[in-house]
Structure formats: C-alpha cells, structure tokens
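These notes concern the structure reproduced below.
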Amino acid sequence: MTSQTGTSSRRRRGYPKGRDVAPVALAALRSLLGDERLNARLQQRDLLIEHLHAIQDAHGHLSLVELRALAAYMNLPMAAVYETATFYAHFDVVHDHQAPPPDTTIRVCDSLSCQLAGASALHKALEARVDPDCVRVIRAPCMGRCDTAPVAEVGHHHVLYATAEGVEAVVDTGHFHPEAILWQRLDAYQQAGGYQLLANVRSGKVSIDDVLQALEVSGLRGLGGAGFPTFKKWQAVRQAAGPRYCVINADEGEPGTFKDRYHLERAPHQFLEGALISAWAIEAEALYIYLRDEYPGLHRVLHEAIAELEQASIVAPGFIIMRRGAGAYICGEESALIESLEGKPGKPRHRPPYVAQQGLFGRPTLVNNVETVYWIAPIWHKGAEWFAGHGRNGRRGLRSFSVSGRVKKPGVYLAPAGISLRELIEEYAGGMAEGHSLAAYLPGGASGGILPASKADLPLDFDTLQAHGCFIGSAAIIVLSEQDNLQAVATNLLAFFADESCGQCTPCRVGTEKMLSLLEQPTWDVQALTRLAQVMQDASICGLGQAAPNPVLGLLKNFRPALAQQQIIVSDAAEGSAQ
Numbered sequence: 014m015t016s017q018t019g020t021s022s023r024r025r026r027g028y029p030k031g032r033d034v035a036p037v038a039l040a041a042l043r044s045l046l047g048d049e050r051l052n053a054r055l056q057q058r059d060l061l062i063e064h065l066h067a068i069q070d071a072h073g074h075l076s077l078v079e080l081r082a083l084a085a086y087m088n089l090p091m092a093a094v095y096e097t098a099t100f101y102a103h104f105d106v107v108h109d110h111q112a113p114p115p116d117t118t119i120r121v122c123d124s125l126s127c128q129l130a131g132a133s134a135l136h137k138a139l140e141a142r143v144d145p146d147c148v149r150v151i152r153a154p155c156m157g158r159c160d161t162a163p164v165a166e167v168g169h170h171h172v173l174y175a176t177a178e179g180v181e182a183v184v185d186t187g188h189f190h191p192e193a194i195l196w197q198r199l200d201a202y203q204q205a206g207g208y209q210l211l212a213n214v215r216s217g218k219v220s221i222d223d224v225l226q227a228l229e230v231s232g233l234r235g236l237g238g239a240g241f242p243t244f245k246k247w248q249a250v251r252q253a254a255g256p257r258y259c260v261i262n263a264d265e266g267e268p269g270t271f272k273d274r275y276h277l278e279r280a281p282h283q284f285l286e287g288a289l290i291s292a293w294a295i296e297a298e299a300l301y302i303y304l305r306d307e308y309p310g311l312h313r314v315l316h317e318a319i320a321e322l323e324q325a326s327i328v329a330p331g332f333i334i335m336r337r338g339a340g341a342y343i344c345g346e347e348s349a350l351i352e353s354l355e356g357k358p359g360k361p362r363h364r365p366p367y368v369a370q371q372g373l374f375g376r377p378t379l380v381n382n383v384e385t386v387y388w389i390a391p392i393w394h395k396g397a398e399w400f401a402g403h404g405r406n407g408r409r410g411l412r413s414f415s416v417s418g419r420v421k422k423p424g425v426y427l428a429p430a431g432i433s434l435r436e437l438i439e440e441y442a443g444g445m446a447e448g449h450s451l452a453a454y455l456p457g458g459a460s461g462g463i464l465p466a467s468k469a470d471l472p473l474d475f476d477t478l479q480a481h482g483c484f485i486g487s488a489a490i491i492v493l494s495e496q497d498n499l500q501a502v503a504t505n506l507l508a509f510f511a512d513e514s515c516g517q518c519t520p521c522r523v524g525t526e527k528m529l530s531l532l533e534q535p536t537w538d539v540q541a542l543t544r545l546a547q548v549m550q551d552a553s554i555c556g557l558g559q560a561a562p563n564p565v566l567g568l569l570k571n572f573r574p575a576l577a578q579q580q581i582i583v584s585d586a587a588e589g590s591a592q
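Offset between the sequence shown (1-based) and the working numbering: plus 13.
Next up, the structure:
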C-alpha cells in the first residue's frame, strides 16, 4: 500500500520507531559528549546518567528533543532513556508543550534538622521575594549539611545558616559554583605515611590474611548502616568466581547524616587508600565511587585526588571510576546503587542473589561505605587493638556521630562506640541549646526510630537499640526538645519516605502515602497505623519501606503523654483502616 505521493506508508526495516531524531540535536549532542561513531564506549548503558548530567548541566533541563537524540546516540529505546531521566530528582524533563524552568533554581532543604531551624519560613520568604519567571524555589531532601541548618542551594552553591537575604544576595551575585574545599593533597598524605600500606600489600610484604586478621580483631563493621563485619564481607566476595568489582557507597542520603562528607573533605587520600586496598583484597577489575550529587565540591576534590594518583603512577588511569548520583535516597541501598551505576532507575533488586554474588554487570561485587574504608589504613598502622580499645558500656571501636538539632554545637564527633546520647551531648556537642531541654532523639536518622529522653543513657552502637524498636544505622543523631511538635516531626519524616519511595512495591509506595495521611489527622488511629506498619515491614522489598514506620511506632509506644499535651488524640479504637 502506498500513499498519494507514492512512498510506502510503512517505515523501512531498521528505521527507528517513534518521532524522528532532529539532526541538529544529534550534532549538538556529539559536540557535548563526543562522537559515538569514533568511540563505542560512549554508547554503553552505564554512561546514561552521566550523559543526562552533561545535558542538564549544559542547558538547565532535559527536553524531549534531547532525550530522543540521546536515545539514538546510545542506541537505546526512548522508553529506557525517559524512564531513567524521570526517576531522578535532579533531572528536569521538559515535554514538548512545556516551558523550561527558570535559569536559576533555589533548593531549600526540608529535612528534619532544617525544619527545626526554620526551613519552612525560609521557603515562604524566598517565594515572596523572587521573580518566579527568573527564579524557582523548590523543596529538596537532606543536603548533608545538617550542622549548618537551615541550608539552601543556589545552582551548585550551598548557603549555610541560610536567610532569605543571604540567599537573595547569592542569586544577585550569580555565584552558583560549589564552595571551595581545602583538603590534604597527595604529597602531604604521603609524608604522613600515606599509601605505605597499599604499597606493602601490592608487593606482598603484607598478605591478605594479615589484613583480614587485623580487620577481624579491630571489630570494624560496615559504617553505612548495616553493620556487617567488614572482614566477612571481603571473604564472601573473594570466594566468588571473578571477574569482580569494588564499589564505594558515598550516597549518604539519610536525613541527619553528614559524616562521610566531613571525612572526604578533609582526608580524601586516606579514604582512597582504603578503597584501593578493598579493591586489591578482592582482586577487583575496577573501583567505582558513587558520590551523591548534593556534594558537588567533593566531585571536584575526588577527581583531582584521583588525577594525582594517576600522575604518580599509584593507580592505573581509568581504574577508579567516579559516578555521580542524581538525587535519589533509595540509591543508598546497595542493590539500587548497582542499578544506578548501570544507568538505570535506582530500584532495589530482589534477593537472593546478593550483590556479593551477582552485583555490578552481573559480577560479584564488594560494596563498602566511605567511613568503613576510611579506617583501614589507620587500623593497620596504629594496630587493631588501638581501634578496638575504644568503646564504652562494653562496646568496641570508634564511631563518627553526625549530631544535629537542639544542641549548642552540631557537628561530626569521633567518639567511642557505645557512648550514650547524654554523654555525647554533654562531652562533645556542648550541651543542649539555650532554652531547650532534651525530650527525644533519633539515633539513626529518619529510619532509625525515635527514643524519649528517659532512654538517653542507652549505648549507641550496633545491636544495642533493637530491643527498643530502633537502630543506630549511620549514627545520625537528631536531638529534639520539649518545644518541638511531634506531629510535625512525624509528618516530616513520613513525607520524606513517601517522596523517596522508588514506587516498585505496593506496600512501600502506597503504605508511606497512607501513613502520612493518617498522621496528618488530629486523631491518630493506633490500630490502623500499627496494621499498616506491619504490612510495610513484612512485605516491602527493601529497607526504605521496612524502616519507614519506625519513628511512628516509637511515638505510639513512648510518647502518648507528650502527644496528648500537643493536642494529638491517640485512639486505640478502630476508627480507621489501613486499607
């Protein structure tokens, strides 16, 4: 069958389906990313998110014309490109009928720590002051700067202790670049004995058994939240058939957590040495570092530090591969992180198989947290007993606590594992903020639950809080006082989980939204909340849905009188339904 012009109404075989790709857009893409016809590597799926970042950075948004061109460039279905681009919060996809966003974006952090410091009022003030045709003001999840709350980001520049006037001044100056970071360079680190352990393990002076024994004696565990013994994880991956990969999870998105940023900004080479030793231990083909997009200054620091290593021939060019997150809390879960590294939406995988067996590109993969590998070289040089010798209340080791909220001196504090909250506040954080008295605290960020002041003497460590319905996680301590509204705290946390759910499983996707709606009511239906919590904990695929109810259950268990004082009616009668 032919049309009136005589041409076939069917597309010729091999011609891409869908709308035609604009040659101009494809040419512009080649100018930005490189010519894929000369370098086939540019078409590999794992570069998709990096390519999307390049387009977003260059144009301030992602038009469908550019996404179609990218699909052709990478030889991918448009659906795959679109699905990935729309999954991540930091990509602005603009449809054909839509206007692009304003040139300037102000993101106001709405995490709990920033809410306590007045982020909502800041957001309203900024909306009233800016021209919406030129500047947009949007809410954003935790930016990892909870010790300087409230925080706003203009472009890639973070405004600490932000005020409307201060943010407006940044907008007026047009200084949207990341803040400068002073960090320990390679020469200084080597003069202090840096990379000596790496050289010794590579030369055979120190064996893998020596390192594993030191890690076992030290008691070092995964410090990203799970707390799995480090030496056991290394052994498990080593036993799997190669090739293998090593991945560092630097996507600390848990509200209240900023310890990894603190260490990376000061001693990136100590971190890199530990990461390289981890890669050596499992004979990895490559070392991937997945760093959250909220740390733009650190992206520059790590790229420069890696370049120093390559120039000094300490590491082969291309062995360390940096990857940039795109605003998705779920990518802190290791299998979701692997999916993101492969250029896909960061949706957790069903397990088994575990990533230690089948991870990045289907190969055995070791995933370690930043702080975990940060301690490897010091543990060797100072001795495993040195690290294990710290601790209180029968616990062992050191922990980096991110402390924020109602204390005089928020910050990252290196303290003995097992220290109590009361000791941490008094000995490290300068005591409670003026005019505030301790009422409650979150021991492990948004997902770690909530405890009353009466339990401020519990040891803060792995395995010590589970009996109280909580866990230490990434040691993100958010301190609350009697002046804080508990309903506002609960709704803030559940709004975060509802927004960050990847949507893959119904118990989490629907459950977080339903729980948020129940918490926004003046009467809290205990039966509905607890039934819903049980379903989410039992049936969610990953830890996000399983842990989201923790703060709510903690409030129902330990804070009934405080909720009553704040005019929240807690009803045990079946007044609602979790369905």
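Beta carbons: idealized from backbone N, C-alpha and C, even for Gly.
Computed from a predicted model, the values in this text were never measured in an experiment.
Identify the residues that DSSP records as bridge partners of residue i: which are they?
{"i": "residue 414", "result": "426"}
{"i": "residue 454", "result": "464, 492"}
{"i": "residue 537", "result": "583"}
{"i": "residue 221", "result": "For residue 221, which the question treats as bridged, DSSP gives no partner whatsoever."}
{"i": "residue 62", "result": "Answer by DSSP bridge pairing: none, since residue 62 is not bridged."}
{"i": "residue 242", "result": "234"}
{"i": "residue 385", "result": "Note: residue 385 sits in no beta bridge, so no partner."}
{"i": "residue 459", "result": "457"}
{"i": "residue 472", "result": "433"}
{"i": "residue 118", "result": "149"}
{"i": "residue 420", "result": "445"}
{"i": "residue 617", "result": "The requested residue 617 does not occur in the structure, where the chain is confined to residues 14 to 592."}
Hey, out of the options, whose CA is closest to residue i's CA?
{"i": "residue 196", "options": "493, 426, 279, 494", "result": "279"}
{"i": "residue 567", "options": "419, 580, 457", "result": "457"}
{"i": "residue 337", "options": "60, 569, 372", "result": "60"}
{"i": "residue 65", "options": "432, 190, 358, 531", "result": "358"}
{"i": "residue 108", "options": "418, 129, 193, 81", "result": "81"}
{"i": "residue 436", "options": "484, 483, 490", "result": "490"}
{"i": "residue 203", "options": "225, 390, 381", "result": "390"}
{"i": "residue 114", "options": "127, 92, 123, 145", "result": "145"}
{"i": "residue 226", "options": "235, 245, 239", "result": "245"}
{"i": "residue 238", "options": "285, 392, 412", "result": "412"}
{"i": "residue 126", "options": "174, 141, 101", "result": "174"}
{"i": "residue 271", "options": "427, 465, 185, 373", "result": "427"}
{"i": "residue 581", "options": "541, 421, 533", "result": "533"}
{"i": "residue 300", "options": "574, 326, 287, 259", "result": "259"}
{"i": "residue 560", "options": "267, 575, 578, 538", "result": "267"}
{"i": "residue 158", "options": "418, 503, 446, 464", "result": "418"}
{"i": "residue 429", "options": "253, 400, 149, 536", "result": "400"}
{"i": "residue 69", "options": "50, 536, 45, 51", "result": "45"}
{"i": "residue 321", "options": "208, 273, 371", "result": "208"}
{"i": "residue 347", "options": "218, 224, 530, 379", "result": "379"}
Alpha helix (DSSP H) containing residue i: first to last residue?
{"i": "residue 178", "result": "177–186"}
{"i": "residue 314", "result": "309–324"}
{"i": "residue 553", "result": "No alpha helix (DSSP H) contains residue 553, which DSSP labels as neither H nor E."}
{"i": "residue 38", "result": "36–46"}
{"i": "residue 512", "result": "499–513"}
{"i": "residue 523", "result": "519–532"}
{"i": "residue 78", "result": "77–87"}
{"i": "residue 352", "result": "347–354"}
{"i": "residue 214", "result": "209–216"}
{"i": "residue 578", "result": "573–578"}
{"i": "residue 199", "result": "199–204"}
{"i": "residue 399", "result": "397–402"}
{"i": "residue 445", "result": "No alpha helix (DSSP H) holds residue 445; DSSP gives it neither H nor E."}
{"i": "residue 96", "result": "91–100"}
Kindly indicate the opening and closing residues of the beta strand (DSSP E) around residue i.
{"i": "residue 335", "result": "333–337"}
{"i": "residue 260", "result": "257–263"}
{"i": "residue 380", "result": "378–382"}
{"i": "residue 298", "result": "297–304"}
{"i": "residue 170", "result": "170–172"}
Roughly how far, in whole angstroms, is the beta-carbon of residue i from the beta-carbon of residue j, given that I think they are within contact range, below 8 Å?
{"i": "residue 143", "j": "residue 132", "result": "So it is not a contact: roughly 16 Å between Cβ atoms."}
{"i": "residue 443", "j": "residue 420", "result": "6 Å"}
{"i": "residue 98", "j": "residue 75", "result": "6 Å"}
{"i": "residue 494", "j": "residue 460", "result": "With a Cβ gap of about 22 Å, residue 494 and residue 460 do not count as contacting."}
(request) Would you list, in sequence order, the uninterrupted alpha helix (DSSP H) runs of no fewer than 4 residues that lie entirely inside the segment 120–166? (result) If we require 4 residues or more, the alpha helix (DSSP H) runs fully inside the segment 120–166 come out as 125–129, 132–142.
(message) Which runs of the alpha helix (DSSP H) at least 4 residues long sit entirely within the segment 271–295? Give them in chain order.
(response) Entirely contained in the segment 271–295, the alpha helix (DSSP H) runs reaching 4 residues are, in chain order, 272–279, 281–294.
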